[in-house]
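Chains as they are written, first to last, in the working numbering: chain A, 7 to 338; chain B, 7 to 338.
Cβ atoms here follow ideal geometry from the backbone N, Cα and C, with glycine treated the same way.
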DNA sequence: AGACTTTTTGGAATCGATTCCAATCAGTCT
DNA sequence: AGACTGATTGGAATCGATTCCAAAAAGTCT
């Protein structure tokens, strides 16, 4: 028993395919009697319109694809949730796929937008060069969240990473730290902006940032430990470390603690993202909270305008406000 | 400038649509000259076959959808990676969507299989009742991973949760614990199995499990803390707690430590999953490692057979072997 | 050269749902 | 009753890629 088609339904209901389709799409131009016959036939045959046929005819899929290097980032998954909830209100389904930082796989997934498998695309952490992102966003329905290119041609939602790093670094200084260090991620654009903010805050206070350790590969708990170990070999020791993510900060705290030093007594540590890790750490991490859920929602509004509106190509960047969350890792 | 179609390509290349399609699909029955003209036209028009038209005609999409309550579980994201890598080798694209435990949204996503938006489905943590999962797997290309129903009609890949819980509980007993407690998740099938294993190990040692705290909502760090707090009100105190996940175990350790007791000195704690949290915790967690990546790979093989093979409906369950990872939270 | 393969090609039919247009039906008004 | 309006309906055309079939082109052999 193959799949039932609109033809089958029409035959069983004793009406034409046009009428069936009208019932399916809630057209008012159908008599109550016909509607009843059709819904009966649909139920009886367990009929469901075939997506590909419908998509072909309507020229849209009501599906949106999100791409991220990996799915474990709490900020990304929260932003995706915000996006998905907003999208659902407009009838869109949101799906996400990890690229693993593999350019080829990313290309393949981006092609799903080009070939009409989906109506729109969200980029959380693109692997392709910035120029490619710009070109893509220029001609197709694409929106960036978290990691956004520095261009007015595309559209992106994020926080002001530079300012956030500036704020948290200033907090370190205000709580008495003078020999500042940072563990950052040079591979991400956001990482470079945070480095700028860190530098600016140090400069403003007349301090020379003592050390900048930049990961050029993984940026996780173990990387945090490894880089913190390097910090501990220094003389004099830094008295504060700003880390580009909570997970890295947790590794950093762990390494410092294991070495017999105290956080924040000997070295204060700050993270970024306000993920669960920040609360799991001992002491709990001072960090930056991102309004991830809202970022997702805003991103959908923009993407929606882009997909439906004719001239509605929203450009530029939107920065939502972050929040400094002070906890025990920088202040007793 | 609208999208180019095969017709356009055919016209530009000076051949028929049939020839264009043959080139597109690598048919050998095309002369070198024609092939060249066609590829030239394709490049010139920047042509890409429209997915919906192709899917309609071919009656398959080469897309697979995975569903999970949320994307943050490290085991699920690792299993999905294994699945995705295996799927990619066969030309399939794997996408994932979170259901947030919302039955309606889950239904909507499952409908994507019913209406041919995707060729297959992986269920990681279904919200629908077991009977529905069985019925679904009975008639459609569905495979379960991690949380699998207790039925031979469907197909699922997991570890033997009951045995794993048994093993880790026995480890607690062997390291000297006598007053056993457990913090489990009654809402998940795996949680109930782990409870069984815990009970069985206690019974085998002639011990009455002192306490069973069962979360009936969230099962995260904060739930771990909350439930551990309850444990600490007991008299006598348990001397070991088996937790249904590392995250919960981390919360448990934290609460115990904050209360001035020592882990494992006063109370030993064991987790489950061997996620990053297990290593981030102080002391590091004894836990159960799941071969998540392989589980995903195996799941794809089965789903592939189901999707392509005519009679190839693979049934039953496959249990891959877990591993007890002993760390400081149970043994100095 | 003529008969016969083999290779290559064009073009129509097909997949299933939607939509437009014309036709039919029912109802209203004079 | 006849003319007219509006509500329903049937059915063909359409979306774009694939595939099958017959026809044309190019070789092969005696």
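The DSSP assignment places complete alpha helix (DSSP H) segments of no fewer than 4 residues inside the stretch 241-297 of chain A at 252-264 and 282-286, in order along the chain. Distance between residue 255 of chain A and residue 98 of chain A, taken at the CA atoms: about 37 angstroms.
Spatial neighbours of residue 147 of chain A in its own chain (CB-CB distance under 8 angstroms, excluding positions within 5 residues in sequence) are listed in chain order as 119, 125, 126, 127, 309, 312 and 313.
Legend: CB atoms of the stretch 54-66 of chain B lying less than 7 angstroms from CB atoms of chain A belong to residues 54, 55, 56, 57, 58, 59, 61 and 62.
The three-state reading of DSSP puts residue 19 of chain B in helix, counting H, G and I together.
Against residue 283 of chain B, the close residues of chain A are 282, 283 and 286, in the order they occur along the chain (beta-carbon pairs closer than 9 angstroms).
Around residue 24 of chain B, no beta-carbon contact reaches into chain A at under 7 angstroms, the shortest distance being about 20 angstroms. Apart from the 5 residues on each side of it in sequence, residue 40 of chain A sits with its Cβ closer than 6 angstroms to the Cβ of 21 and 25 in its chain, given in chain order. With a contact defined as Cβ atoms closer than 8 angstroms, residue 58 of chain B and residue 122 of chain A qualify at about 6 angstroms.
When the alpha-carbon of residue 189 of chain A is set against those of A/289, A/221, A/290 and A/333, the nearest one is in A/221. With respect to residue 269 of chain B, residue 152 of chain B sits apart: the two C-beta atoms are not nearer than 8 angstroms. Residue 100 of chain B has a beta carbon lying within less than 8 angstroms of a beta carbon in chain A. Along the stretch 115-126 of chain A, going in chain order, the ones with a CB nearer than 8 angstroms to a CB of chain B are 115, 117, 118, 120, 121, 122 and 123. Taking 8 angstroms as the threshold, the shortest C-beta distance from residue 87 of chain A to chain B falls below it.
A Cβ-Cβ distance of about 5 angstroms is found for the pair residue 77 of chain A and residue 83 of chain B, placing them in contact under the 8 angstroms criterion.
Below 8 angstroms, enough C-beta pairs join the stretch 234-249 of chain B and the stretch 271-281 of chain B to call them touching: three or more. At a cut-off of 8 angstroms between beta carbons, residue 104 of chain B contacts chain A. Counting C-beta pairs with one atom in each stretch, the stretch 194-203 of chain B and the stretch 164-183 of chain B have three or more that are closer than 8 angstroms, which means they touch. Contact check for residue 296 of chain A against residue 92 of chain A fails: the beta carbons are separated by 8 angstroms or more.
By the CB criterion at 8 angstroms, residue 163 of chain A and residue 288 of chain B fall outside the cutoff.
Contiguous alpha helix (DSSP H) elements confined to the stretch 51-117 of chain B occur at 57-64 and 80-95, taking only those with 4 or more residues.
Within 10 angstroms of the beta-carbon of residue 177 of chain A lie 16 or more other beta-carbons, which makes it buried. Burial of residue 328 of chain B is indicated by the presence of at least 16 other C-beta atoms within 10 angstroms of its C-beta. Of all residues in the stretch 141-153 of chain B, none places a beta-carbon less than 7 angstroms from a beta-carbon of chain A. Between the alpha carbons of residue 131 of chain A and residue 43 of chain A lies a gap of roughly 50 angstroms. According to the DSSP assignment, residue 189 of chain B belongs to the beta strand (DSSP E) that extends over 186-191. Under a 10 Å Cβ-count criterion, residue 260 of chain B is classified as buried, with 16 or more other Cβ atoms of the shown protein chains found around its own Cβ. For the C-beta of residue 256 of chain A, the chain B residues within less than 8 angstroms are, from N- to C-terminus, 286. Using a Cβ-Cβ cut-off of 8 angstroms, residue 80 of chain A is close to 78 of chain B, given in chain order. The DSSP-derived three-state label of residue 221 of chain A is strand. Per DSSP, reduced to three states, the secondary structure at residue 196 of chain B is helical. Taking 8 angstroms as the upper bound for CB-CB distance, residue 103 of chain B and residue 100 of chain A are in contact here, some 7 angstroms apart.
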